[in-house]
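Peer 1: Quick note: the sequence shown uses this note's numbering, first residue 106, plus one each step.
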Amino acid sequence: MPRTVKQADERKRELLDTAMRLFVERGYSSVSMRDIAREADVTPGLAYHYFESKDSLFAEVLQSYAAQCAAPGIRMLEDTDMSFGQQVDALLDIISQEEHLPYHEFFHRQGNRAFHEQLSVRLCDLLVPHLTVAIQGEAERLGKEIRSPQTLADFIAHGLINLLSDPDVPDADVVARMREYVAALVASQLI
């Protein structure tokens, strides 16, 4: 039976999806490039054509998944019809409901902390520029300036994602305090 010829982007996406499915099912260390190629019904050579190693394939999976996870938060932060407080509330709601995302189980599985930390850092990298703009917008709305908006955004993003990644959170009281902390931090940096 002849092989189906697929567009490069489609084949690459198929390899990424197959790899992540296998990582979830078997664990990262139990999956080889050969396994991924076999499951995707391609030759190992074709898999290596797209990705030089399992690590480079995972880096792309991580990038893609982080973008998928960050997209709703970015949309909220870019919504200029919302106040900064509403944006923070929406962002906290989105982050605290991450268990519904497709690969949540993999990134939160015992033994995968390093993968989870990589995802957290990448999420922060994606969110910080948008959070910075939202913070600056809040300062402008108040007729003020903000000291070091990117540093503040970086601090807030890393703190929120780290705390909300804890399995005991989102406890409603903790999330409420987080909202208060963000408001207090931003207010303390207004000049």
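Glycine included, every Cβ here is placed at the ideal spot set by N, Cα and C.
Model, not experiment: these values are computed from the prediction.
Spatial neighbours of Asp259 within its chain, please: C-beta separation below 6 Å, excluding the five flanking residues on both sides.
Peer 2: Val233
Peer 1: Rounded to whole angstroms, what is the Cα-Cα separation between Leu127 and Tyr133?
Peer 2: 8 Å
Peer 1: Express the C-alpha separation of His263 and Leu228 in angstroms, rounding to a whole number.
Peer 2: 9 Å
Peer 1: Would you kindly report the start and end of the unbroken alpha helix (DSSP H) that includes Asp140?
Peer 2: 138–145
Peer 1: State the DSSP-derived secondary structure class of Leu197, mapped to helix, strand or coil.
Peer 2: Reduced to three states, the DSSP call for Leu197 is helix.
Peer 1: In whole angstroms, give me the CA-to-CA distance for Ser201 and Ile266.
Peer 2: 9 Å
Peer 1: For Ile296, does the three-state DSSP call read helix, strand or coil?
Peer 2: coil
Peer 1: In the DSSP assignment, the alpha helix (DSSP H) including Asn217 goes from what residue to what residue?
Peer 2: Where Asn217 is concerned, there is no enclosing alpha helix (DSSP H), given that its DSSP letter is neither H nor E.
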